[in-house]
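Chains A and B, in that order, are what the protein sequence lines are.
To convert, take the position in the first sequence, counting from 1, and add 8; that gives the working numbering.
To convert, take the position in the second sequence, counting from 1, and add 16; that gives the working numbering.
Ideal placement from N, C-alpha and C gives every residue a C-beta, glycine not left out.
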Amino acid sequence: METSMNWKKLLGLPLVFFALIVLAVGCSKKETEKAEDNPDDEDNTEAAAANAPAVAVDMANGATVTGKITFTGAKPTLNKIQMDAEPSCAAMHNNIPSQEVVINDNGTLRYVMVYVKDGLNGKSYKPIEQKENLDQKGCLYEPHVIGLVNSEELDISNDDKTTHNIHPQPKINREWNESQSSGDVKKKEFTQSEWPPIPVKCNIHPWMKMYIGVFNHPFFAVSGADGTFTIKGLPPGTYTIAAWQEKYGEQTQKVTVKSKEETKVDFNFKG
Amino acid sequence: MQTAQLHMTMTGASEPRTARVWLHRYATLSAFCTLVLICAGALVTSNDAGLSIPDWPLSYGRLVPPLIGGIRYEWTHRLIAGTVGCLTLGLAVWLQFADPRRWMRRLGITAVGLVVAQATLGGLTVLFFQPPWVSTAHACLAQAFFCVMVSMAVFTTPEWGSRAGIRFSGARTTEKLAMTVVAAVFLQLLVGAGYRHKGLGMNWHLAGAVIVTGFVFWTVVRALRYNATESGVAPAAIALGACLLGQLFLGGGSLGAKLYYADAPQPMPIFVYVTTVHVALGALTLASAVVLALLLFRSEAQR
C-alpha cells in the first residue's frame, strides 16, 4: 500500500513540472501574440479602413506609380532546392536555387511587393481584378509573392502529377490546411487585410514556400521578370510607398501623385 | 489461483519464472518500440512534415495515403504509434493476469491511459495546425510515457520480483539527487520541445543544459563513489553520464546545423539526422536517470 502511494508521488513530480512548462509555453505564446496584435495608430487606421465600405477605384482619373527594384552589392549565396523526394518535379528542374532572392538577368529584383502603406485616409477600395491565380508547377509556387484585396477570389491550381497540401499560416485570417491532388482547382479568399504577408507552405514538399499580402485596397504590385512594377488608379495625394522583399525587409518612400499623371519611384536593395 | 501464482513467483518455481521472463521481454520490446516511436516523431518535426497529412485519425480519408514527400514520415509515425498502442494494451492485459502487484497492474492501465492521451494530443496537433503548447505537450508526454514503459521493463525483471519495495522517506543524498536529476532532465526535455515547437526561446534550453550537466555529474560521481556496490547502480550511472556527454555534443551539433543551414530552403539531411538523434538520446538520458533512481530506491528498500 505504501509502495502504491509512493509511486503516485514518483509519477506526480514530473507531471507537476510538465504542467508548469505547458503553462509557461502557453503564456509565452500569448504574450507574443499580444505583442503582434498590439497595433500602433497607423495600424488602427488600417483596421478602421478594413471595416469601412469599399469604394470603386477611379481608373480614368487616377494616378500611376511605376518604378524599378534594383539590386546592388554582393549577390547572396542561395542553397539549391533538393527535390529528390519528388522525382516528377526534380525532372523539371536543373539545380534550381531557393526563391528567397530572385535576381533578374538585368540586375533587378523579382517578387518584391510594392504597396501603398500610408495615405489612403482610412478608405477601403474594391479590387481592380476580379481574381488572382496561384499555380503549383514543378513543385514550386507561381508566383512566389502575390497580392490580394480582402475577399478577392484566389484560384489555386495544381499542375503537377503529385499531390500537394496548401497551408497558409495567417495571424489574422483563418488558418487552413488542405490537400490538392493533380489537376484540382481550389477557390479561396482571405476576408481580412493582413500584413506582414501570409506565409504559405506545402508540408509534403517543405521547400515550397510563398507569400500572400492581403490589403483593403488594390494599390499594390509585385515586381516582375524585368524588375518593374506599376500601380494604377491611385487617387491624387501624398502617400508612403513601401517595397517589401522576404529576405531584405521593407523600404519606404514618400511620394506625391497627381491625377492622370505617372510618377516614378525606384527602390534599391543592397546585398 | 493468483495468490498461488504469486507464491510460486516468490519461491522461484520454474514455470511462472519463465512466464515472467517472457513478460519482461515483452515489456522491454514495448519500451524499445516506444523509443523508435520517439525517433519517428522527431523525424516528423525535423522534416517539418507534421501537417503533411491534413486529416486525423485517417490519412487523406483512408488507412494508407500516397506515400510521397513528408507524408512518408507522418504516416510511418502514425503506424508505429498504432503498434505501440497495441503493445501497451497487450502489456496491460498481460499484467492483469500475470503480475501479483496491484500497483504494477495499475501502472499498466496508466500506460494505456497515457497512450490514449498521447494519440489525442497528436490528433489535436494536426487538427489545430500545431499550436506550440499542444505540440510541446505531445512531445513531452511521449517522454513521460517512455519513462513509464522503461519502468515497467525494470519492474518485470525476475531480479526485481520479490524485492519491489520502494521507500521515499529518509532518502539519502544520492537518492534525492537521482530524483532531482529525473525532474531536471524531464524539465530540460520540456524546454527543448518548447524550443523545437517555437513556444520558447533557445536560451531556456541552453541554461537548462548547464543545470542538468551539473546535477547529472554530481549524481553520477556520488552514485559511483557511495552506491557502486548496489545491484545495477554502477552501469546505470555510467550510462547516464555517457548519455549526457553524447547529448552535449549532439546539442552543439544541432545548434551548429541549425545556424549553418539557416537559409536552406528545406530541412537539410544533416540537420534532420543530428536533431533526431539528439531527441532520441534525450529520451535515453531520461530513461537512464529513471532507471538509476529506481535502482537506488530499490536498494534503499532492501536495507
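Alpha carbon to alpha carbon, how far is leucine 128 of chain A from threonine 199 of chain A? Give it in angstroms, no decimals.
-> Answer to the nearest angstrom: the Cα atoms are 20 Å apart.
CA-CA distance, threonine 116 of chain A and leucine 266 of chain B?
-> 42 Å
To which residues of the same chain is leucine 297 of chain B closer than 7 Å at the C-beta, ignoring the five residues directly before and after it?
-> Here the set comprises Cys259, Gly262, Gln263, Leu266.
What's the gap between the Cα of glycine 234 of chain B and the Cα of glutamate 175 of chain B?
-> Reading off the sequence, residue 234 of chain B comes out as tryptophan, not glycine. Straight-line Cα distance between these residues: approximately 28 Å.
Contact set between the segment 131 to 144 of chain A and chain B, restricted to residues whose Cβ is under 7 Å from the partner | none
If we call anything under 9 Å between Cβ atoms a contact, is valine 323 of chain B one with alanine 108 of chain B?
-> In the structure as shown, chain B begins at 17 and stops at 319. Residue 323 of chain B is therefore absent and cannot be evaluated.
Mind checking if glycine 139 of chain B is an interface residue toward chain A, Cβ cutoff 9 Å exclusive?
-> no
Inter-residue Cα distance where the pair is aspartate 48 of chain A and methionine 218 of chain B = Low confidence applies here, because aspartate 48 of chain A scores a pLDDT of 40, under 50, leaving its location unreliable; read the following figure in that light. For aspartate 48 of chain A and methionine 218 of chain B, the distance between alpha carbons rounds to 29 Å.
Simplified DSSP assignment, three categories, for lysine 274 of chain B = helix
Opposing strand residues paired with serine 201 of chain A [DSSP bridges] = In the DSSP output, where bridge partners are listed per residue, serine 201 of chain A has none listed.
Cβ-based neighbour list, threonine 141 of chain B, same chain, cut-off 7 Å, excluding 5 preceding and 5 following = Gly66, Val150, Ser151, His154
Neighbouring residues, chain A, relative to glutamine 282 of chain B (Cβ below 7 Å) | Ile89, Gln90, Pro214, Trp215
CA-CA distance, proline 204 of chain A and phenylalanine 313 of chain B?
-> 56 Å
Check whether the Cβ atoms of leucine 206 of chain B and cysteine 156 of chain B sit closer than 9 Å, and answer yes or no.
-> yes
For a contact meaning CB atoms closer than 9 Å, what does serine 190 of chain A contact in chain B?
-> Ordered by position in chain B, no residue passes the 9 Å Cβ test against serine 190 of chain A, which lies about 11 Å from the chain.
Given that isoleucine 54 of chain B touches chain A, what residues does it touch there, using C-beta distances under 8 Å?
-> In chain order: nothing, as chain A lies at least about 16 Å away.
State the Cα-Cα distance for the pair lysine 134 of chain A and alanine 62 of chain A, rounded to the nearest angstrom.
-> 5 Å
Cut-off 8 Å between Cβ atoms - residues of its own chain near asparagine 119 of chain A, not counting five sequence neighbours on either side = In the sequence as displayed, the identity of residue 119 of chain A is tyrosine instead of asparagine. Gln107, Val110, Pro151, His152, Val153, Val230, Ser231, Gln253, Glu254.
Contained beta strand (DSSP E) runs [length at least 3] in the segment 255 to 307 of chain B, N- to C-terminal order | none
Candidates A:Thr80, A:His101, A:Gly75, A:Leu162: which alpha carbon is nearest glutamate 137 of chain A's?
-> A:Leu162
Determine, using beta carbons only, whether glutamine 259 of chain A comes closer than 9 Å to chain B.
-> Glutamine 259 of chain A does not count as touching chain B.
For valine 230 of chain A, the first and last residue of its enclosing beta strand (DSSP E) | Run containing valine 230 of chain A: 228 to 230, per the beta strand (DSSP E) assignment.
The segment 142 to 174 of chain A: which residues have C-beta closer than 7 Å to a C-beta of chain B, in chain order?
-> Thr170, Thr171, Asn173
By the 10 Å Cβ neighbour count, where 16 or more other Cβ atoms means buried, how is glycine 191 of chain A classified, buried or exposed?
-> exposed
Does DSSP put glycine 130 of chain A in a helix, in a strand, or in coil?
-> coil
Interface residues of the segment 47 to 73 of chain B facing chain A [CB-CB below 9 Å] | Asn63, Asp64, Ala65, Gly66, Leu67, Ser68, Ile69, Pro70, Asp71
Which partner residues does serine 75 of chain B have in the DSSP bridge list?
-> Bridge partners of serine 75 of chain B: B:Arg78.
Determine the DSSP secondary structure at arginine 33 of chain B, reduced to helix, strand or coil.
-> It is helical.
Local Cβ density within 10 Å of glycine 57 of chain B, reported as buried at 16 or more and exposed below that = buried
Sequence ranges, beta strand (DSSP E) only - wholly within the segment 135 to 213 of chain A, length at least 3 | 139 to 145, 148 to 150, 153 to 157, 161 to 166, 172 to 176, 186 to 188, 193 to 196, 202 to 209
Given a threshold of 16 other Cβ atoms within 10 Å of its Cβ, counted over all protein chains shown, does tyrosine 219 of chain A qualify as buried or as exposed?
-> buried
Under 7 Å by beta carbon: chain A residues contacting arginine 87 of chain B | For clarity, residue 87 of chain B is isoleucine in the given sequence; the question names arginine instead. Residues of chain A passing the Cβ test: Ile212.
Nearest-angstrom Cα distance between methionine 165 of chain B and proline 226 of chain A?
-> Looking at the two C-alpha atoms, the distance is approximately 59 Å.
Chain-ordered neighbours of aspartate 115 of chain B on chain A, where CB pairs are closer than 7 Å = Going along chain A, no residue has its Cβ under 7 Å from aspartate 115 of chain B, so there is no contact; the nearest lies around 13 Å.
Determine, using beta-carbon pairs with one atom in the segment 245 to 254 of chain B and one in the segment 218 to 233 of chain B, whether at least three such pairs fall under 8 Å.
-> No, they do not touch.
What in chain A is Cβ-close to isoleucine 84 of chain B, meaning under 8 Å?
-> Ala93, Glu94, Thr170, Thr171, Ile212
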